[in-house]
Amino acid sequence: MKTGTEQLCGTIEKIVYKNEANGFAIITLSVKAHDAVTAKGYFPDIHQGATVNLKGSWTFHQKFGRQFEVAECTTSLPSSVVGIEKYLASGLVKGIGPAFAERLVKAFGAATLDIIDQEPSRLLTVPGVGPKRVESITKAWVDQKEISKVMVFLRSKDVSAAFATKIFKTYGNASIEKIEANPYQLVDDIWGIGFKSADKIALKMGLETDSLERVKAGILYSISEATSDGHLYMELEPLRTSVIEILEIDATTSQERIKTALTQLYQNEKIKLITHKEKNFITLPKFYHSEKGIAKKILRMLESPQARFTPDTSTVYQALRFPDAKGIELNEDQQRGILACLQNKISIITGGPGTGKTTLVKRLITFLEENRVKFRLAAPTGRAAKRMFESTGKHTETLHRLLEFTPATMNFARNEENALEVDVMIVDEASMIDVFLMHSLLKAMPLNARLLLLGDIDQLPSVGAGNVLNDLIATKKISVTRLTKIFRQAQDSMIIVNAHRINRGEFPTHTTPGSRKDFLFFKEETPENIFPLLQSLYTKKLAQHGIDPKDAIVLVPMNRGVVGTQRLNQELQNILNPITDGPTLSVFGQLYKINDRVMQIRNNYEKFVFNGDIGFIKSINQADQVLVICFGDRDVEYDFAEANELTLSYAISIHKSQGSEFQAVIIPIFMQHFILLQRNLIYTAVTRAKKLCILIGQPKAIAMGIRNARSVDRLTFLKEFLTSDVQAR
308 MKTGTEQLCG
318 TIEKIVYKNE
328 ANGFAIITLS
338 VKAHDAVTAK
348 GYFPDIHQGA
358 TVNLKGSWTF
368 HQKFGRQFEV
378 AECTTSLPSS
388 VVGIEKYLAS
398 GLVKGIGPAF
408 AERLVKAFGA
418 ATLDIIDQEP
428 SRLLTVPGVG
438 PKRVESITKA
448 WVDQKEISKV
458 MVFLRSKDVS
468 AAFATKIFKT
478 YGNASIEKIE
488 ANPYQLVDDI
498 WGIGFKSADK
508 IALKMGLETD
518 SLERVKAGIL
528 YSISEATSDG
538 HLYMELEPLR
548 TSVIEILEID
558 ATTSQERIKT
568 ALTQLYQNEK
578 IKLITHKEKN
588 FITLPKFYHS
598 EKGIAKKILR
608 MLESPQARFT
618 PDTSTVYQAL
628 RFPDAKGIEL
638 NEDQQRGILA
648 CLQNKISIIT
658 GGPGTGKTTL
668 VKRLITFLEE
678 NRVKFRLAAP
688 TGRAAKRMFE
698 STGKHTETLH
708 RLLEFTPATM
718 NFARNEENAL
728 EVDVMIVDEA
738 SMIDVFLMHS
748 LLKAMPLNAR
758 LLLLGDIDQL
768 PSVGAGNVLN
778 DLIATKKISV
788 TRLTKIFRQA
798 QDSMIIVNAH
808 RINRGEFPTH
818 TTPGSRKDFL
828 FFKEETPENI
838 FPLLQSLYTK
848 KLAQHGIDPK
858 DAIVLVPMNR
868 GVVGTQRLNQ
878 ELQNILNPIT
888 DGPTLSVFGQ
898 LYKINDRVMQ
908 IRNNYEKFVF
918 NGDIGFIKSI
928 NQADQVLVIC
938 FGDRDVEYDF
948 AEANELTLSY
958 AISIHKSQGS
968 EFQAVIIPIF
978 MQHFILLQRN
988 LIYTAVTRAK
998 KLCILIGQPK
1008 AIAMGIRNAR
1018 SVDRLTFLKE
1028 FLTSDVQAR
């Protein structure tokens, strides 16, 4: 039962609980003439030691007793020595931790905050403090005051306080001005802030639900959302339906508004309209120009004069018929693949595991080196590039490094005006390349060079939008070589045998006479039973196969649910990194610890870390609010405010595993995954395993996925741009 509205003023002694996502917290408050008070509610960015003025009412909780339920909260700086020390020790000001806070308060007492604010040069009198640290503290203090203003503004709009730091980092002192001018701009400018959050701000600012600006924002958001499923376009009528559902506006009365919004967006070149087979499709200009740019460059390359390197075909064919210096022979498909690369401006070689793609590439490289042909090797991701380097022994780059991405300009230095100096460009894992990266690669290709794309078209399509490799093959304008024969040495691996069985629609088998025992199947009907099984696998079974648990990963179809990445990561963190002492960081309820394995979940061009990159937490510095992630041989610093770009990666989605290879892969498949179960998903997961693949789950669910050879068709027009005229307006 609640009492009437009252006011409390006190100092925050302890933050018992805090939900970073929505600002809800439970605090212990020190109030004069009272015992410690427990208060709960939605707060601005609060810190230990801060003085707060609360409005609310008293309630009684059956388990926790008397509590103060907060309706409004304003904060002010602490004035007592004890409060100031707690305030500074809380991590509020970057560069000041508990030990340094104690030294400052010991030196300046109750005047500490005034000195930081008005006379920061006096901090130099504290032993061990130099100009650089004073500069850092001063900047953090000023920023924090501005962030507090943004916090108050956001809270007044019922928006989570968790993104205030990111907003301020992007807009600085102009944060509130930018938000008031166009709250929907947050979606484009600040990663992590979605349309719904921006829309909530807009409505709180008084925008009408069916206002033209809101409808236009809803249209652009709907098109962008389609790319999360790989699409580049939306048909007009489904787009209208999507906008009505997202904005929750009346379907009948809003039709004219949507029509007007589409017209204005088209006139302002914010959207492109394509007419195909008497249907209208809408897209964003960047999507259209990327696909159209790919098609134009490919057609120019195919129609351009002969390549600068054109060997005698008959001589090459005779050489390929015989074993190389190491006695390795090529089958007919491999020979045709090399000839196709040397005869065509653009060629594709596709095949599953064990079909000899690596052997083909190594033989091709030897030939190019013998003839002093300038070639380069690249792959879409760091992990894929590393795999290609390990298999060929030749320098391999990521496509971003190859194209010389420049964070300052957010563009590639290599382009039409500054083309790559190469005769033959070889790109591995081409199925992972989305439409934007392919467009950038082709822009940098010399017209007289040759391009070889290697990939496995039976895997999942790219995480990013588009379906480039499959679209190119479907045009029948590009030379395609399919490798299908499994080499004898590969037939000893049940991983490879079962990958091909799955690709043929057959249930995997865990053993055949004389084969390596590198594929295990554990039948399990109950999803909750997977957790003790994982404990046993990580603590016993992997060691029996000579595999370090750090080199194993769990791959699952989805993120949510009992057997989703979120729950699995919590359980696996307890198994693999159970330490409870040492510094930690909590982000949106997820606790991070030193040595945790984490994955980057967005492209961060400034740090040169990309979506899907995996690393380990090397250090967590509470005072400086910085954590260091080791990605391979490179350490990368993250501000605490940037930590939402990371997630635990003891378990990851199968989509995120593309282009990777792990010593051991554990794949749980249950009926709860049925929406996503399809053949190429399971096939992709199995082919990520190098030494050991462990399949766990319900036979019914696994069989369902293997039988489902139909994947979602992505709405793209690359094939049409290359083979016919598509009307674009």
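Taken in order, the sequence shown gives residues 308 to 1036; the numbers are from our numbering.
Heads up, the beta-carbon is just placed ideally off N, CA and C, and yes, glycines get one too.
None of these values were measured; they are calculated from a predicted model.
| Nearest to N902 by alpha carbon, out of L892, G404 and T816? | For the purposes of this step, residue 902 is taken as the residue at position 595 of the sequence shown. Of the listed residues, the one whose Cα sits closest to N902 is L892.
| message | Please tell me whether T994 has its Cβ less than 8 Å away from any Cβ of chain C. | response | The structure shown contains no chain C; it is built from a single protein chain.
| request: Starting from the Cα of L849, find the closest Cα among P768, T477, P687 and A971 and give me that residue. | output: Position 542 of the sequence shown holds residue 849. Among P768, T477, P687 and A971, the Cα nearest to that of L849 is on A971.
| Roughly how many whole angstroms lie between the Cα atoms of S386 and A417? | Mapped onto the sequence shown, residue 386 falls at position 79. Mapped onto the sequence shown, residue 417 falls at position 110. S386 and A417: Cα-Cα distance of roughly 6 Å.
| field | Closest residue to R708 among T688, E426, A1016 and L675 (Cα-Cα distance) | value | Residue numbering aside, residue 708 sits at position 401 when the sequence shown is read from its first letter. Among T688, E426, A1016 and L675, the Cα nearest to that of R708 belongs to T688.
| request: Leaving out five residues on either side along the sequence, give the residues of the same chain with a beta carbon under 6 Å from the beta carbon of N951. | output: Here residue 951 refers to the residue found at position 644 of the sequence shown. Hits under 6 Å: G499 and V894.
| task | Look up A859 in the DSSP assignment and say whether it is helix, strand or coil. | result | For the purposes of this step, residue 859 is taken as residue 552 along the sequence shown, with counting starting at 1. Residue state, collapsed to three classes: strand.
| request: Give the C-beta separation of A930 and I403 to the nearest angstrom, bearing in mind that I take them to be a contact with Cβ-Cβ under 8 Å. | output: For the purposes of this step, residue 930 is identified with residue 623 of the sequence shown, where counting begins at 1. For the purposes of this step, residue 403 is identified with residue 96 of the sequence shown, where counting begins at 1. The pair is a contact, with the Cβ atoms about 6 Å apart (cut-off 8 Å).
| message | Could you give the first and the last residue of the continuous beta strand (DSSP E) run that contains N360? | response | Start at 1 with the first residue of the sequence shown, and residue 360 comes out as number 53. T358 to H368 is the span of the beta strand (DSSP E), which, as asked, contains N360.
| Within this structure, are the beta carbons of Q374 and T419 separated by less than 8 Å? | Sequence index remark: in the sequence shown, residue 374 carries index 67 (1-based). Sequence index remark: in the sequence shown, residue 419 carries index 112 (1-based). Their beta carbons are not under 8 Å apart, which means Q374 does not touch T419 by this criterion.
| said: From the DSSP secondary-structure annotation, give me the bridge partner or partners of V377. | reply: In the sequence shown, the residue the question calls residue 377 occupies position 70. V377 is bridged to G363.
| What did DSSP end up calling Q451 once you bin it into helix, strand or coil? | As a first step, residue 451 is located in the sequence shown; it is residue number 144 there, counting from the start. In this structure, Q451 counts as helix in the three-state DSSP scheme.
| Smallest Cα separation from S383: which of V359, E711 and H368? | What you label residue 383 is simply residue 76 of the sequence shown in a count that begins at 1. Minimum Cα distance to S383 is reached at V359.
| field | CA-to-CA distance, P490 to E544, given in whole angstroms | value | Position 237 of the sequence shown, counted from the first residue, corresponds to residue 544. Position 183 of the sequence shown, counted from the first residue, corresponds to residue 490. C-alpha separation (whole angstroms): 27 Å.
| message | Please return the same chain residues whose Cβ sits closer than 6 Å to the Cβ of G600, not counting the five positions on each side in sequence. | response | Stepping through the sequence shown from its first residue, residue 600 is reached at position 293. Excluding positions up to five away in sequence, the list reads H746.
| query | What separation, rounded to the nearest whole angstrom, lies between the Cα atoms of E376 and K370? | reply | Here the question's residue 376 lines up with position 69 in the sequence shown. Here the question's residue 370 lines up with position 63 in the sequence shown. Approximately 15 Å between the Cα atoms of the pair.
| query | Quick one: any contact between the segment 330 to 339 and the segment 406 to 413, if contact means 3 or more CB pairs under 8 Å? | reply | no
| Looking only at DSSP bridge pairs, what is L1037 linked to? | With the chain covering only 308 through 1036, there is no way to say anything about residue 1037.
| request: Name, in chain order, the residues that DSSP records as bridge partners for F828. | output: Here residue 828 refers to the residue found at position 521 of the sequence shown. L1002.
| DSSP state of T590, grouped into three classes? | Residue mapping note: residue 590 aligns to position 283 of the sequence shown, counting from 1. Three-state result, T590: strand.
| query | At what residues does the beta strand (DSSP E) containing M732 begin and finish? | reply | Indexing the sequence shown from 1 puts residue 732 at position 425. V731 to V734 is the extent of the beta strand (DSSP E) around M732.
| Unbroken alpha helix (DSSP H) runs of length 4 or more, entirely within the segment 524 to 584: which are they? | 543 to 554 and 562 to 574
| CB A686 to CB T703, shorter than 8 Å? | Position 379 of the sequence shown, counting from 1, holds the residue named residue 686. Position 396 of the sequence shown, counting from 1, holds the residue named residue 703. Yes. Within cutoff.
| message | Below 8 Å on the Cβ atoms is my contact criterion, and I expect I961 with V863 to pass it. Report the Cβ-Cβ distance as a whole number of Å. | response | Indexing the sequence shown from 1 puts residue 961 at position 654. Indexing the sequence shown from 1 puts residue 863 at position 556. I961 to V863, Cβ: 7 Å. Contact.
| query | Hey, would you say L646 sits closer than 8 Å to V623, going by beta carbons? | reply | Sequence index remark: in the sequence shown, residue 646 carries index 339 (1-based). Sequence index remark: in the sequence shown, residue 623 carries index 316 (1-based). Their beta carbons are under 8 Å apart, which means L646 touches V623 by this criterion.
| request: Leaving out five residues on either side along the sequence, give the residues of the same chain with a beta carbon under 8 Å from the beta carbon of V770. | output: The residue labelled residue 770 in the question sits at position 463 within the sequence shown. Correct list, in chain order: M739, D741, N918, G919, H962, K963 and Q965.
| query | How about I483 and V457: do their beta carbons lie closer than 8 Å? | reply | Along the sequence shown, read from residue 1 onward, the residue named residue 483 stands at position 176. Along the sequence shown, read from residue 1 onward, the residue named residue 457 stands at position 150. In this structure, V457 lies closer than 8 Å to I483 by Cβ.
| Stretch pair the segment 785 to 799 + the segment 657 to 664: three plus CB contacts closer than 8 Å | yes
| Between L761 and D730, which are expected to be in contact by the criterion C-beta below 8 Å, what is the C-beta distance as a whole number of angstroms? | The residue you call residue 761 lines up with position 454 of the sequence shown. The residue you call residue 730 lines up with position 423 of the sequence shown. 17 Å between Cβ atoms; not a contact.
| Beta carbon of K604, beta carbon of A568: below 8 Å? | To locate residue 604, count along the sequence shown from 1; it is residue 297. To locate residue 568, count along the sequence shown from 1; it is residue 261. Cβ atoms of K604 and A568: not closer than 8 Å.
| query | Helix, strand or coil: which one does DSSP assign to N805? | reply | Your numbering for residue 805 matches position 498 in the sequence shown. It is helical.
| message | Does F331 come out as helix, strand or coil in the three-state DSSP assignment? | response | The count along the sequence shown starts at 1 and reaches residue 331 at position 24. Three-state result, F331: strand.
| Quick one: what's got a C-beta closer than 8 Å to M541's C-beta in the same chain, skipping five residues either side? | Translated into positions along the sequence shown, residue 541 becomes position 234. The residues are S529, I530, A533, S549, F588, I589, T590 and L1022.
| message | Which residue marks the beginning of the alpha helix (DSSP H) containing V668, and which one marks its end? | response | Within the sequence shown, the letter at position 361 stands for residue 668. Where V668 is concerned, the enclosing alpha helix (DSSP H) stretches over K664 to E677.
| query | When DSSP labels each residue in this structure, what does L779 get in the three-state scheme? | reply | Locating residue 779 in the sequence shown gives position 472, counting from the first residue. Three-state DSSP puts L779 in a helix.
| query | Roughly how many whole angstroms lie between the Cα atoms of H583 and G1004? | reply | Residue 583 sits at position 276 when you count from the first residue of the sequence shown. Residue 1004 sits at position 697 when you count from the first residue of the sequence shown. In a straight line, the C-alpha of H583 is about 44 Å away from that of G1004.
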